[in-house]
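These notes are about the structure you will find just below.
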Amino acid sequence: MSGRVIDPISAPNQRFEGNILDPSSSAELAAHASKGRNVSGRSWKVRPQKRASSLITKNKSNGRSKSWAKKEQERMLNREVKSAQLEMVQARIQEKRDKRERRLENERRRAQNE
Numbered sequence: 130m131s132g133r134v135i136d137p138i139s140a141p142n143q144r145f146e147g148n149i150l151d152p153s154s155s156a157e158l159a160a161h162a163s164k165g166r167n168v169s170g171r172s173w174k175v176r177p178q179k180r181a182s183s184l185i186t187k188n189k190s191n192g193r194s195k196s197w198a199k200k201e202q203e204r205m206l207n208r209e210v211k212s213a214q215l216e217m218v219q220a221r222i223q224e225k226r227d228k229r230e231r232r233l234e235n236e237r238r239r240a241q242n243e
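With my numbering as the guide, the letters of the sequence shown map in order to residues 130 to 243.
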């Protein structure tokens, strides 16, 4: 078989030079050769996937627990946001009611005038 170059599908970090059928042709392909075949059968997806739990350790502050004051502050902010959303919804409902009342009143007036 002739040597092929893998064309990236969407992400630029999926390009590997060399023959994908012969993993020893490239160091990057050789590193992933022992992983086995993908369940999906998509052999071009040889980029190692990282777990989300491993990303947390890169930033030290992500793993720390928040202080009680910080948690209370976030809870208060969430309560304020929810109450503001509820007020907006109630205002919209009231506007619809008022508009419906106005329309019905206008229809009654038109019916009386005829």
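Note that CB positions come from ideal geometry on N, CA and C, so glycine has one too.
Per DSSP, residue 196 lies in no alpha helix (DSSP H) segment and is marked neither H nor E.
A straight line joining the alpha-carbon of residue 193 with that of residue 207 spans about 21 Å. Note that the C-beta distance between residue 203 and residue 195 is below 9 Å.
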